[in-house]
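Going by the numbering used here, the sequence shown opens with residue 105, and the numbers climb by one from there.
Every residue gets a Cβ at the ideal spot worked out from N, C-alpha and C, and that includes glycine.
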Amino acid sequence: MGAIHSTPSFSSATASCESNDGSSGPSYEPDSKIPSGAASSVPPAPMPVLARPETFEEKLYRKQFKAEPLVPIGCLTTAYFLGSGIKSFYNRDPVKSQSMMRLRVASQFATLMIFIGYAGMNAFTFELAPGMAVPSEQGYGGKSGGDKEE
């Protein structure tokens, strides 16, 4: 009535994990199935490391506060003079309001000049002709053609 459960018996040839040299574990021969001259001698290329995209706040901090620190200072100065001028205009003090608006324009001009200065400084190189070959780097040694040594 009941099913008979039997465990399969393995022969010693298939169940043995010992190789002929006495070491335990299966023996693998990696070059046995790969033809000679195949890509087995070339190691696999490493996985590329992908960089996380930079957020807006990180880019703003990197560009404005580290690379060009005077531009945000100029913007804050301009905003201060603008706010102070509007407050003076609201309090009906025309002399102070006029002077604050003039200082605001001067602050805007200074900030713009600083910004242009940073842009020019980043674009300026000390090379005479970028991309051109220098004769001393080509093996001429800086000697002119008329000077012959004997």
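Pull up the CB-CB distance for residue i and residue j, whole angstroms please, since I reckon it's below 8 Å.
i: P176; j: Q168; result: 5 Å
i: F185; j: M204; result: 5 Å
i: T182; j: S211; result: 4 Å
i: R208; j: G189; result: 6 Å
i: Y222; j: E161; result: About 20 Å; that fails the 8 Å criterion.
Mapping DSSP to helix, strand and coil, what is residue i?
i: F228; result: coil
i: R196; result: coil
What is the residue span of the alpha helix (DSSP H) that residue i lies within?
i: P173; result: Looking at the DSSP string, P173 is not in any alpha helix (DSSP H), and its letter there is neither H nor E.
For residue i, collect the residues of the same chain with a Cβ closer than 8 Å to its Cβ; drop the 5 residues on either side in sequence, then sort them by chain order.
i: C179; result: T215
i: V146; result: none
Below 7 Å CB to CB, which residues in the same chain sit around residue i once its five sequence neighbours on both sides are set aside?
i: G224; result: none
i: F193; result: S201
Leaving aside the five residues before and after residue i along the sequence, list all residues of the same chain whose C-beta is less than 6 Å from its C-beta, in chain order.
i: L174; result: I218
i: L164; result: none
Taking 7 Å as the cut-off, is the beta-carbon of residue i closer than that to any non-hydrogen atom of the ligand HEM?
i: V199; result: In terms of ligand content, the structure shown is empty, and the ligand HEM therefore cannot be addressed.
With a threshold of 8 Å between beta carbons, is residue i in contact with chain C?
i: S188; result: The displayed structure is made up of one protein chain only, and chain C is not part of it.
- Quick one: complete alpha helix (DSSP H) runs, 4+ long, within the stretch 146-171? 160-164
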